[in-house]
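Each protein sequence line maps, in turn, to chains V and P. Counting from 1, position 313 in the first sequence corresponds to residue 313 in this note's numbering; the numbering is continuous, with no gaps. To get this note's numbering, take the position in the second sequence, counting from 1, and add 1000. All C-beta atoms in this analysis are idealised placements derived from N, C-alpha and C, irrespective of residue type, glycine included. Predicted model only: the values in this text are computed from it and were never measured. So the structure is just underneath, and the comments pick up after that.
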Amino acid sequence: MKILAASDFHLGMKFRHYPEVSDRLIAARFTALEKLVEAGNREGCDLFILAGDLFDTTSVPKATVLKARAILDRFAGKLVAVLPGNHDFYVPQGKDLWETFIGEGRGNVLVLTEGAPVPLAADWQLDACLYPAPCFAKHSQANGLAWMAAAPRPACAIHIGVAHGSVEGISPDMDGRYYPMTRGEIDRLGMDAMFIGHTHAQRVEGTLFIPGTPEPDGFDCAHDGAGLLVELQRGKAPRATPVPSGTYTWRHETHLLSEASAVDRLQEKLSQPAYHTRLLKLRLEGRLAADAFQKTREWGAVLREKCFHLASFENQIGLLIGKADIDARYAPGSFAHELLTELARAPEDVPALQKAWDHLGGGRP
Amino acid sequence: MRLERIRLEPFGAFGNRELAFSPGLQVVLGPNEAGKSTFWNALYEVLFRPVLIDKRKTADREAVARFLPIGSGNHSRVSLAFSIGGDSWVLEKQWQTGAKAALTQAGGAALIGDEEVREKLQALFPVTPAVLQTVLLSRQGQLSRTLEEVKAGPALGTLSDLLRASLQDPGGVSVDAFMKELEAEHENALLNWDLAASGPKDGKLLSNRRKVNLGAVLKAYYAEQEASLAVAEAEAFESRLDLLNGERRTAQEAFDRNQRFLDENGPLEKGARSRRELEVECLDGRRVLEELTAVCDDWPVRKSEIQRLEAALPALHAQVSRLAEELDRAKRGEETRPLRELLKRARPEWVHLGELRESSRRMKAVSKAEVEALRRTEDQAKRGRLAVEAGQMQIAFLARTAQKLGVIRDGSAEEAREVAAGSALKTAAVASLRLEHPDWSLSIGSGSADAKALLDRLSDAEAALGAALAKLGVASLEEAASLEAASHAAQIAFEKQQGKLEALLAGKDFEELEAKLALAPPEESFRPVADLAVEKSRAESAVAQAETAKKEAEEKIAAYQSKYGERTGLYHRVGEATKKVADLQAELDALPSLPEGIKDPKAFLDEMDRARERSRGLQAEVSRLEIERAAHIGSIERSSADELRAEHREAAEAFRSCLTEARVLDRILAAARAVKERGASRPLDGLQATFQEYLATMTRGNYSATAVEEGLPTGVRRGDGEVLPYELLSAGTQDQFALGLRLAMAHYFLEGKEAFLVMDDPLVDMDPERQKGAAAALRAFAERQQLIVFTCHPSHADLFGGRRIELA
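Following this line, the structure appears as structure tokens:
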């Protein structure tokens, strides 16, 4: 059986902090979903598992919900199984997004709203059974795995657990508020495959599959975004392959530059095509001589043009401004000479020296 | 440093052109477009422009392009020869194709490369490159413009202010423009932000935020606070939503459970109702059956009981009578019990009295008077013995040699004695003593006539004492006294015992009382009265109980007869009741079972009623919570707390960055103010004196001196003595002022050094009179330093004099 798995699309995220590119970031999340549906169809996947947080909140606009549903309806496999996560948790009989999403209940999309076995043989001709642990609230200190251990298991070839929450040792959850699960708990269930959403970075360990978010959504999400293609066959070890789906990458890069050659190397790196789809926070540190320093000063403008979005550019490089530089540029006794000499005295004044140098026209020949 | 020659090959419009310079004043004269500016630019470029151009540096890129040869040239080239202290140097630079920078000292190796050439030139320059660029090589227009900027600055009311500012400004920086820009930037960043307290001024936190006049830091701060608030609100929203969802889910699950219970057990309700009624009937039937069965069992038992009691009652009555008699006899026996007890206690005392009497009777009788008479007789004998002992002689005979002697005392027989040598013979006598030795005899007499009488009286007294003792049958006075004391003690003991017995018997005679007791029944022939009384009471009670039980049994049988008639009728009724119970049980068994764990149909039906009530309540609760949840969610499209947290992180980062930038600005501003302040108080003696000298030369004495206040010039003194502040000077005079200032500054910086000054049309805006003055001042300067003046006016060239270089 070929399973395509993904989680944490967070459709409906607004990206208000990046107003210049928010529309494209919002659209990219749908694009990732489309890419994965197309990849699933191309690979002949039987089952598409969405392990939670398809939507960012329970109050996303109806249009967002319907658009997602329309994309998923294009999946040509047997079934799309959607688990409500902690962002888009399920409220029994609730008049919210899942009611809209389910609609008239037609098609091959199933929302896993109950902690009970879902045999797939009768309705979807798959020799497997799903064991879902849907979320019913944003936060919970208890995970939804308990019932799986005790539940009788129908006779079928493959038993697949689907849950959403933090996994000990893998996902940060200091207060244990996100349906925390331990590896022991997961392993003891003895599932043939366990798909767990919530963690945004992809990870595969034995039968544990964390698909990760297909489209990174922040600077703490330093990967390229992918779904996961898993081939399961009774008696054989599962085979997992990442399916690239991300459009934009988020990187917070800090570079220590202390010589001109390093500046040139970084400049070459920053001109690579990967930066055309990158949201970048760039921080430069170190001390450079004037020429090399001047090159870095111009990167802000260049990157704003070449990068998809330069979120911040912190050029903390100090110019190696010495007495000779000051003497060369300004007459002794002049205001500029005395000011720069004053600021050149203490190391902590390097940023002030740098700025004053700029203000006084240090960049001119 | 003195310029000697400059060659352009090619540069700008010149394909190959050279100018040679000499010391002192030279005037480069040429009409417009003759190339004065090209030479001036070539001089600047060769001294300061690197040959390897960073193409991203627009200024460099444009400058190099501008000076490429007009037409199809692919490079430009300038060489400059100069001398320093007699040494000749050649500086060559070529831009674009074949770019090269070289500095060669005559007879020495060439330094190649921008950096090497730049470093060496800096070392050779008499002044800093900055002074060279801005004072010695600047166009006159630049200086005038600087002065205009200086004039436009604040608080430049005096000439000294102007001079100071001029001195501070070299380097192409207008201090006031810089300060103005810096202060504006500082204001934009820190308006209404308290940097020291690191918070908004006047406590204008987000809750009472400032609406206008926000600096960048304050804006970033409010943005960060708003983002933080948004996170808190979103978290509160989500927590509340979690709570409502949890409550709603709990209520829904409870409703579902309850509904399942009702659905599963609804069909059992009818059967449960029938069961409830039948169970009541069945219970009643069982109760009747049990009652009848009990009567059936009890009736013969009662009958048998009556018979048993009737048989037992006579024996019980006889036992009561026997015990009454025994009790009577025992009571009588009880009456002699005190006498019996008294005699029992008195008998040992009576026996003891008899023993004392017999003992007294057997004792030897010595009276007290007899003992006294005996004591007197013994006293007389004792006094005789004492008198004899008082008249007795004590003799001591000391033998120096051993002696054998005969001793005769008071006429008694001789007593042989041996006395060892050195020892004494001691003896005594009343009337006489004689010692006999074979060799001698010694007689000693007392010399008293009464000694014999004393001995006689003693003899009589002792005879009388012996007679008295014999009479009493005792050996001594002590024995007689002891017998008398024992007799007296026995008498007292007897009397005491006799008193004790009399007290015990209250004066009655023991023998009489014993005779009286002998007439009473013997003690061991009756039981204690109390025991007999209890036994009799029990026997009477047994009789009463038997009679009561008999009566009850008789009454019960009478009641049964009254209620059920004869016993056969009763058995018939038992049969009917048994059948009814069996029928009802069969009906109950045929009904459907109650749910597992429930045995009582009433409890089941009550539970069903309660479940229906619960369902209604839970349904209402679910509805209420759904309404509350919907109201809480509202119609606003919200961002998740996670996304808002990310936004807050960004806002916080922006705020920190903005604050850091503002601190840097603040530091620069503080340092700039301090530097400016220091500059304001710097002595300007050298500059001021030189300036006055040049000013006097240029104005031909019309403005010969400046007013001085606290050692600093405050204005310009006119020929008629009136002092004019700088701003009231005419435009021409201000031009002279600017030129004089530039010459003074060049003089100031070049003091004691060899250098050159290049000027571009310095007289162009002056009237002929002022031109003469200015030219005189320039000539005066050229006497000290090399001065190269570019001009397009032949008349100016005439005024300057010096060496003329004409450009075609």
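Closest residue to residue i among the options (Cα-Cα distance)
i, options, result
"P/Met-1393", "P/Gly-1445, P/Arg-1784, P/Pro-1794, P/Leu-1739", "P/Gly-1445"
"P/Gln-1133", "P/Val-1371, P/Asp-1242, P/Phe-1756, P/Arg-1649", "P/Phe-1756"
"V/Trp-250", "V/Lys-306, V/Thr-213, V/Gly-218", "V/Gly-218"
"P/His-1747", "P/Gly-1035, P/Gly-1634, P/Phe-1781", "P/Phe-1781"
"P/Ser-1657", "P/Arg-1357, P/Tyr-1221, P/Arg-1361", "P/Tyr-1221"
"P/Leu-1644", "V/His-17, V/Ala-201, V/Arg-239", "V/His-17"
"P/Ala-1263", "P/Arg-1375, P/Arg-1612, P/Asp-1297, P/Leu-1111", "For the record, residue 1263 of chain P in the displayed sequence is Asp; it is not Ala. When each option's Cα is compared against that of P/Asp-1263, the closest is P/Arg-1612."
"P/Lys-1270", "P/Leu-1605, P/Asp-1765, P/Lys-1368, P/Asp-1720", "P/Leu-1605"
"P/Ala-1553", "P/Arg-1066, P/Gln-1307, P/Ala-1216, P/Gly-1015", "P/Gln-1307"
"V/Ala-201", "V/Cys-221, V/Asp-192, V/Asn-41, V/Trp-98", "V/Cys-221"
"P/Gly-1199", "P/Val-1212, P/Glu-1183, P/Val-1217", "P/Val-1217"
"P/Phe-1011", "P/Gly-1073, P/Leu-1477, P/Leu-1458, P/Ser-1639", "P/Gly-1073"
"V/Ala-207", "V/Cys-45, V/Pro-238, V/Glu-338, V/Met-181", "Before going further, note that residue 207 of chain V is Thr rather than Ala in the sequence given. It is V/Pro-238 whose Cα lies nearest to the Cα of V/Thr-207."
"P/Gly-1113", "P/Ile-1053, P/Pro-1300, P/Ala-1774", "P/Ile-1053"
"P/Leu-1425", "P/Gln-1403, P/Glu-1414, P/Ala-1431, P/Ala-1413", "P/Gln-1403"
"V/Lys-78", "V/Asp-264, V/His-87, V/His-276, V/Asp-127", "V/Asp-127"
"V/Val-80", "V/Lys-2, V/Arg-153, V/His-276, V/Arg-24", "V/Lys-2"
Cβ of residue i within 8 Å of any chain P Cβ
i, result
"V/Thr-213", "no"
"V/Phe-335", "yes"
"V/His-359", "yes"
"V/Gly-376", "In this structure chain V extends from 1 to 365, so residue 376 of chain V is not present and cannot be described."
"V/Asp-8", "no"
"V/Arg-106", "no"
"V/Ala-331", "yes"
"V/Ser-59", "yes"
"V/Gln-306", "The displayed chain sequence assigns Lys, not Gln, to residue 306 of chain V. Output row for V/Lys-306: interface = no."
"V/Asp-175", "no"
Environment of residue i [buried if 16+ CB atoms lie within 10 Å]
i, result
"P/His-1186", "buried"
"V/Met-13", "buried"
"V/Tyr-131", "buried"
"P/Leu-1159", "Note that P/Leu-1159 scores a pLDDT of 49, beneath 50, so its modelled location is shaky; the value from the coordinates is reported in the next line. Buried: at least 16 other Cβ atoms inside 10 Å."
"V/Val-60", "buried"
"P/Lys-1219", "buried"
"P/Ile-1006", "buried"
"P/Ser-1593", "exposed"
Cβ of residue i within 8 Å of any chain A Cβ
i, result
"P/Ser-1228", "The structure shown has no chain A; the protein chains it does contain are V and P."
Contact with chain V by residue i, beta-carbon distance below 8 Å
i, result
"P/Ser-1639", "yes"
"P/Leu-1241", "yes"
"P/Asn-1213", "no"
"P/Arg-1667", "yes"
Original post:
Given a limit of 8 Å on CB to CB distance, which residues of the segment 76–94 of chain V reach chain P?
Top reply: Listed by position, the residues of the segment 76–94 of chain V near chain P (Cβ gap below 8 Å) are His-87, Phe-89, Val-91, Pro-92, Gln-93, Gly-94.
Original post:
When you check each C-beta in the segment 135–148 of chain V against every C-beta of chain P, which residues fall closer than 7 Å?
Top reply: Residues are counted here when their Cβ sits less than 7 Å from a Cβ of chain P; for the segment 135–148 of chain V these are Phe-136, Ala-137, Lys-138, His-139, given in chain order.
Subject >> chain V contacts from the segment 1180–1203 of chain P (Cβ-Cβ distance under 9 Å) >> reply: So the list reads Glu-1181, Leu-1182, Glu-1185, given in the order they occur along the chain.
Original post:
Closer than 9 Å, Cβ to any Cβ of chain V: which residues of the segment 1116–1128 of chain P, in chain order?
Top reply: Residues of the segment 1116–1128 of chain P that bring their beta carbon within less than 9 Å of a beta carbon in chain V comprise Arg-1118, Glu-1119, Gln-1122, Val-1127, Thr-1128, in sequence order.
Original post:
Counting pairs of Cβ atoms below 8 Å between the segment 207–227 of chain V and the segment 257–270 of chain V, do you hit three or more?
Top reply: Output reads no: the segment 257–270 of chain V does not touch the segment 207–227 of chain V.
Subject >> the segment 1251–1262 of chain P in contact with the segment 1537–1557 of chain P per 3-pair CB rule at 8 Å >> reply: Under the Cβ criterion (8 Å, minimum of three pairs), the segment 1251–1262 of chain P does not count as touching the segment 1537–1557 of chain P.
Original post:
What residues in the segment 270–284 of chain V have a beta carbon less than 9 Å from any beta carbon of chain P?
Top reply: Cβ contacts with chain P come from Lys-281.
**OP:** Could you run through the segment 1247–1272 of chain P and flag, in chain order, every residue whose CB is less than 9 Å away from some CB of chain V?
**Re:** Contacts with chain V (Cβ-Cβ distance below 9 Å) from the segment 1247–1272 of chain P involve Arg-1248, Arg-1249, Gln-1252, Glu-1253, Asp-1256, listed in chain order.
Original post:
Is the segment 110–122 of chain V close to the segment 1262–1277 of chain P, with three or more CB pairs under 8 Å?
Top reply: Because the criterion of three Cβ pairs below 8 Å is not met, the segment 110–122 of chain V and the segment 1262–1277 of chain P do not touch.
Subject >> Residues of the segment 1623–1637 of chain P with Cβ closer than 9 Å to any Cβ of chain V, in chain order >> reply: The residues in question are Glu-1626, Arg-1629, Ala-1630, Ile-1633, Gly-1634, Ser-1635, Ile-1636, Glu-1637.
Original post:
Going along the segment 10–24 of chain V in order, which residues come within less than 7 Å of chain P, judged by CB to CB distance?
Top reply: Of all residues in the segment 10–24 of chain V, only Met-13, Lys-14, Arg-16, His-17 come within less than 7 Å of chain P when Cβ atoms are compared, listed by chain position.
Original post:
Counting Cβ pairs, one atom from each stretch, are 3 or more of them under 8 Å apart for the segment 1756–1766 of chain P and the segment 338–351 of chain V?
Top reply: In short, these stretches do not touch, since the Cβ pair count stays below three.
Subject >> chain V contacts made by the segment 1282–1294 of chain P, where a contact means CB separation under 8 Å >> reply: Cβ contacts with chain V: none found.
Original post:
Using a Cβ cut-off of 8 Å, which residues of the segment 311–332 of chain V contact any Cβ in chain P, in chain order?
Top reply: If the cut-off is 8 Å between Cβ atoms, the segment 311–332 of chain V has Ala-311, Ser-312, Glu-314, Ala-324, Asp-327, Ala-328, Arg-329, Tyr-330, Ala-331, Pro-332 near chain P.
**OP:** Give the residues from the segment 339–351 of chain V that approach chain P closer than 7 Å (Cβ to any Cβ), ordered along the chain.
**Re:** Answer set for the segment 339–351 of chain V: Leu-339, Glu-342, Leu-343, Asp-349, Pro-351.
Original post:
Within the chosen definition, does the segment 1665–1679 of chain P reach the segment 42–56 of chain V through at least 3 CB pairs nearer than 8 Å?
Top reply: These segments do not touch.
Original post:
Do three or more CB pairs link the segment 61–76 of chain V to the segment 134–147 of chain V at distances below 8 Å?
Top reply: For the pair of segments examined, the segment 61–76 of chain V was found not to touch the segment 134–147 of chain V: the number of CB pairs separated by less than 8 Å stays below three.
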